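Visitor: Protein chains in written order, with this note's numbering: chain A, -4 to 223; chain B, 1094 to 1409. Backbone N, C-alpha and C fix where the C-beta goes; we use that ideal spot for every residue, glycine too. Keep in mind the model is a prediction, meaning the values are calculated, not measured. Starting off with a structure, shown below.
This is the structure:
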């Protein structure tokens, strides 16, 4: 396995209500690796992604990203950490009043990239995802599949070392879902590790990648196809 | 070092260009927001403009009043009207004596003929003066006290002179006028502070509503790694633009108010034989209203966004 980009060390997350979302979860994700996290609803998939994104902090254990403990990041360092992680949402979360180009350009604008460079990189990524002609369109004018691809374009345009996706194919038909997964599968070769939370076991099987299985907050399996 | 410098220069240039792009983006975004709700923004701008125009009009009015009363307030002269029997020689001798007094900076002698000529120059007195057989006016000595001296004591001493018939010294009246003008200035300052606070609250509330309408967008920006500064900047420009536009409108309102009042004020002053023109805002006042409006808009937006960011952070 390649060098660890992300490491969970006995991570537990318990909410104020007393519900334990994650319990003593440990795993590593290498740079340029693609991995699924699966489990039934409430298994802790989304909590695991939020811990990576530092939207939540663990009660116990450590989440290390590029060697730094995310749970100990100060508030002022969170934006820089989040800019190192691309996020794809099930509901896309595109800005409805901005066109495709502006939506995809947003992470670069936030990162302070020069306008000329933004234009170049956005066009590159839109072309790569087959959205080159849709740049001036508003999200409402796009199909669900196109909206999801715009969401992916936005997540990868800044070339983050890690992309996390929470049920990215939940609203897509099976063929479109597979096409989107194929897009994700190309990313590790381009320098972006991918961690996808999904409960679509059929799709996960088709992709033949590593799978972390959560059950009631516990990591009960770390399945690697090559080792099977 | 020479090998490092071009790299540093390029990095600085790139950072500067990115900074400029980010600000242009924020400015364009804020202008777009202003144009997206024209009616609501016009109403808000109207309220802000009136709030800025009222203290401006008060300040201009005070300036006009000060200008109108300036010669009266600045004058410290004491006029001593001599008894009817006093002739030119007696008046001149008296003047000469008092010129040596250390409290007196100067003494001017005014003859009855000069006094009559002054009266003739005033309107509506021609017929009354024509009816006089002889000049009834006395010799008058006009004293200018030394700066810093006790004018009231000098006037009292002059009143004791055997030749003095009447001493005119409007110290009390002038003090009252000065006090009224001072009160007016303070009132204008209080009104400006209160209405400034009002502008701050109006902008703050407008920006708060704008933030509520864009809460999802802000949340997405934060998820993508936007700093507080990036989130805050478009709203600061929004508040700043609103303040500037309100300042411009306030200047327009003040100019319209001047236009509306000028004929009535001109006619009133003309009835007293004078001429008067209400002042337009000067350069300092124009700059003050525009910069003040912009600063209030910026501050209102800053407070509103800051509150939202703190609340979002607490909820996260």
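(1) Name the two residues that bound the continuous alpha helix (DSSP H) containing residue 1214(B).
(2) Against chain B, does residue 182(A) count as a neighbour if the rule is that its beta carbon must be under 8 Å from one of theirs?
(3) Quick one: Cα of residue 1373(B) to Cα of residue 146(A), how far?
(4) Grab me the residues of residue 1095(B)'s own chain with a C-beta within less than 7 Å of its C-beta, minus the 5 sequence neighbours each way, in chain order.
(5) Can you name, in chain order, every residue of its own chain whose Cβ lies under 6 Å from the Cβ of residue 160(A), other than the five neighbours on each side?
(6) Is it right to say residue 1070(B) is buried, meaning 16 or more other beta carbons lie within 10 angstroms of its own, or is it exposed?
(7) Which first and last residues belong to the alpha helix (DSSP H) in which residue 181(A) is found?
(8) Give the residues from the region 1301 to 1326 of chain B that approach chain A closer than 7 Å (Cβ to any Cβ), ordered along the chain.
(9) Taking the continuous beta strand (DSSP E) assigned at residue 15(A), which residues delimit it?
(10) Skipping 5 residues on each side, what residues in its chain have a beta carbon closer than 8 Å to that of residue 1158(B)?
(11) Enumerate in chain order the residues of its own chain whose CB-to-CB distance from residue 211(A) is below 7 Å, with the five nearest sequence positions on each side excluded.
(12) When you compare the CB positions of residue 6(A) and residue 209(A), do they come within less than 8 Å of one another, or not?
(13) For residue 1291(B), collect the residues of the same chain with a Cβ closer than 6 Å to its Cβ; drop the 5 residues on either side in sequence, then sort them by chain order.
(14) Along chain A, which residues have their Cβ under 7 Å away from the Cβ of residue 1107(B)?
(15) Give the interface partners of residue 75(A) over in chain B, defined as CB-CB distance under 8 Å, in chain order.
(16) Can you tell which of 1219(B), 1247(B), 1115(B) has its C-alpha closest to the C-alpha of residue 1200(B)?
(17) Given this structure, state the Cα-to-Cα distance separating residue 1296(B) from residue 1398(B), to the nearest angstrom.
(18) Any idea what DSSP makes of residue 165(A), helix, strand or coil?
(19) Going by DSSP, what residues sit across from residue 1238(B) in a beta bridge?
(20) State the start and end residues of the unbroken alpha helix (DSSP H) segment that holds residue 229(A).
(21) Which residues bound the alpha helix (DSSP H) around residue 48(A)?
(22) What separation, rounded to the nearest whole angstrom, lies between the Cα atoms of residue 185(A) and residue 29(A)?
(23) List, in chain order, every chain A residue whose beta-carbon is nearer than 7 Å to that of residue 1118(B).
(24) Would you mind giving the Cβ-Cβ distance between residue 214(A) and residue 22(A), rounded to the nearest angstrom? I have them listed as a contact below 8 Å.
(25) Taking Cβ positions, are residue 195(A) and residue 180(A) nearer each other than 8 Å?
(26) Beta-carbon separation of residue 81(A) and residue 137(A) under 8 Å?
(27) Would you kindly report the start and end of the unbroken alpha helix (DSSP H) that includes residue 1171(B)?
(28) Quick one: does residue 159(A) have its CB under 8 Å from some CB of chain B?
(29) Considering only the alpha carbon of each residue, which of 50(A), 113(A), 19(A), 45(A) lies closest to residue 103(A)?
(30) To the nearest angstrom, how far is it from the Cα of residue 1362(B) to the Cα of residue 1264(B)?
(31) Take the Cβ of residue 128(A) as the centre, count every other Cβ of all protein chains shown within 10 Å, and call the residue buried at 16 or more, exposed below.
(32) Short of 7 Å in beta carbon distance, which residues of its chain neighbour residue 1155(B), apart from the five on each side in sequence? Order them along the chain.
(33) Do you know whose CA, among 93(A), 8(A), 69(A), 203(A), lies nearest residue 1307(B)'s CA?
(34) Classify residue 85(A) as helix, strand or coil using the three-state DSSP reduction.
(35) Residue 1203(B) and residue 1233(B): beta carbons closer than 8 Å?
(36) When you measure from the CB of residue 1242(B) to every non-hydrogen atom of the ligand SAM, does any distance come out below 7 Å?
Guide: Inspection of the coordinates gives the following:
(1) 1205 to 1214
(2) no
(3) 56 Å
(4) Note that residue 1095(B) scores 45 on pLDDT, short of 50, meaning its location in the model is unreliable; the coordinates nonetheless yield the value given after this. Here the set comprises nothing.
(5) 83, 191
(6) There is no way to answer for residue 1070(B), as the model of chain B reaches only from 1094 to 1409.
(7) 169 to 181
(8) Of all residues in the region 1301 to 1326 of chain B, 1310, 1313, 1314, 1316, 1317, 1318, 1319, 1320, 1323 have a Cβ within less than 7 Å of some Cβ in chain A.
(9) 15 to 25
(10) 1274, 1277
(11) Hits under 7 Å: 38.
(12) no
(13) 1144
(14) 109
(15) 1318
(16) In terms of CA proximity to residue 1200(B), 1247(B) leads the group 1219(B), 1247(B), 1115(B).
(17) 11 Å
(18) If DSSP states are grouped into helix, strand and coil, residue 165(A) belongs with coil.
(19) Beta-bridge pairing links residue 1238(B) to 1197(B).
(20) The question about residue 229(A) has no answer here: the residues shown for chain A are numbered -4 through 223.
(21) Note, residue 48(A): premise wrong, no alpha helix (DSSP H); not H, not E.
(22) 12 Å
(23) 104
(24) Correct: roughly 6 Å between the Cβ atoms.
(25) Residue 180(A) is positioned such that its CB atom lies no closer than 8 Å to that of residue 195(A).
(26) Contact check for residue 81(A) against residue 137(A) fails: the beta carbons are separated by 8 Å or more.
(27) Taken as a continuous stretch (DSSP letters only), residue 1171(B) belongs to no alpha helix (DSSP H), being part of the beta strand (DSSP E) at 1171 to 1175.
(28) no
(29) 113(A)
(30) 23 Å
(31) exposed
(32) Spatial neighbours of residue 1155(B) in its own chain (CB-CB distance under 7 Å, excluding positions within 5 residues in sequence) are listed in chain order as 1274, 1277, 1278, 1281.
(33) 93(A)
(34) coil
(35) yes
(36) Ligands in the displayed structure: none, and consequently the ligand SAM is not present.
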